[in-house]
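According to the numbering used here, the residues represented by the sequence shown are 4 to 162, in order. Beta carbons: idealized from backbone N, C-alpha and C, even for Gly.
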Amino acid sequence: MFLIFDVLKIYRIAKAKYISDLSGEGSRLYGGRWNKSGYSMLYFSSNLSLSVLELLVHLDYRFINDTFRYVEVDIPDDLKISKLPSHILKQDWRHNPPLVLTQNYGTDWLESTKSLALKVPSAVLPSEYNILLNPNHIDFKSIAINKPSKLDLDARLFG
């Protein structure tokens, strides 16, 4: 038996008041690992657990369950997803603050409008992937945005 998936499911966690905002405004204002400030980009993960890890490295755990929500987005499989070539990354690409190298690559990808999505390794767990979306891409209207859900994490994560 073969399972056929006609969508790629990706995940994003944000504060409840921002979870439905898919404009990329936060990354436009502050930049990120894969974009310079001034450029809108949406950061998603290939699974919810990686989204949680991406969140945990940045926050005080005590406030997560009450404050954050997650949203699942479906990308139709006929839409093009670019993948970062592995030779692009240098050994220290995971450095904080983010390197200009990764910001330039992501920003160049945004400006090229070659694809709706770019698959990049996670700096938190490089064997897993984050999916970057260009909210200004013509195919952005083709994604399906599911209803946001409460992020309910096990208290043991917090010590």
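Is the segment 67-74 in contact with the segment 125-143, if contact means three or more CB pairs nearer than 8 Å? no
Minimum C-alpha distance to M44 - residue among N50, V60, L51 and D24: As a first step, residue 44 is located in the sequence shown; it is residue number 41 there, counting from the start. Per the Cα distances, D24.
Strand pairing of E75, partner residues [DSSP]: Looking up residue 75 in the sequence shown gives position 72. Paired residues: Y14.
Rounded to the nearest angstrom, what separates K20 and G29 at their Cα positions? Counting from 1 along the sequence shown, the entry for residue 20 is found at position 17. Counting from 1 along the sequence shown, the entry for residue 29 is found at position 26. When rounded, the distance between both Cα atoms is 13 Å.
List the whole-angstrom C-beta distance separating V10 from I78, where the pair is believed to meet the contact cut-off of C-beta under 8 Å. Position 7 of the sequence shown, counted from the start, is the residue given in the question as residue 10. Position 75 of the sequence shown, counted from the start, is the residue given in the question as residue 78. The Cβ separation is near 6 Å, so the contact holds.
Mind checking who S40 pairs with in its DSSP beta bridge? Looking up residue 40 in the sequence shown gives position 37. DSSP output for S40 lists no bridge partner at all.
Excluding the 5 residues preceding and the 5 following K18 in the sequence, name in chain order all residues of the same chain whose CB lies nearer than 7 Å to its CB. The residue labelled residue 18 in the question sits at position 15 within the sequence shown. Cβ neighbours of K18 beyond the five flanking positions: T70 and F71.
Look at the alpha carbon of Y46 and the alpha carbon of N38, and state the distance between them as a whole number of angstroms. Counted from its first residue, the sequence shown places residue 46 at position 43. Counted from its first residue, the sequence shown places residue 38 at position 35. Those two C-alpha atoms are separated by around 10 Å.
Alpha carbon to alpha carbon, what distance is there between R159 and G27? Numbered from its first residue, the sequence shown carries residue 27 at position 24. Numbered from its first residue, the sequence shown carries residue 159 at position 156. Whole-angstrom Cα-Cα distance: 32 Å.
By the DSSP assignment, the beta strand (DSSP E) with N99 in it spans what residues? Numbered from 1 along the sequence shown, position 96 holds the residue referred to as residue 99. Per DSSP, N99 lies in no beta strand (DSSP E) segment and is marked neither H nor E.
Between the segment 101-109 and the segment 45-61, do three or more beta carbon pairs fall short of 8 Å? no
Apply the 10 Å Cβ neighbour rule to V123 and answer buried if 16 or more other Cβ atoms are within range, or exposed otherwise. Taking the first residue of the sequence shown as position 1, residue 123 is located at position 120. V123 comes out buried.
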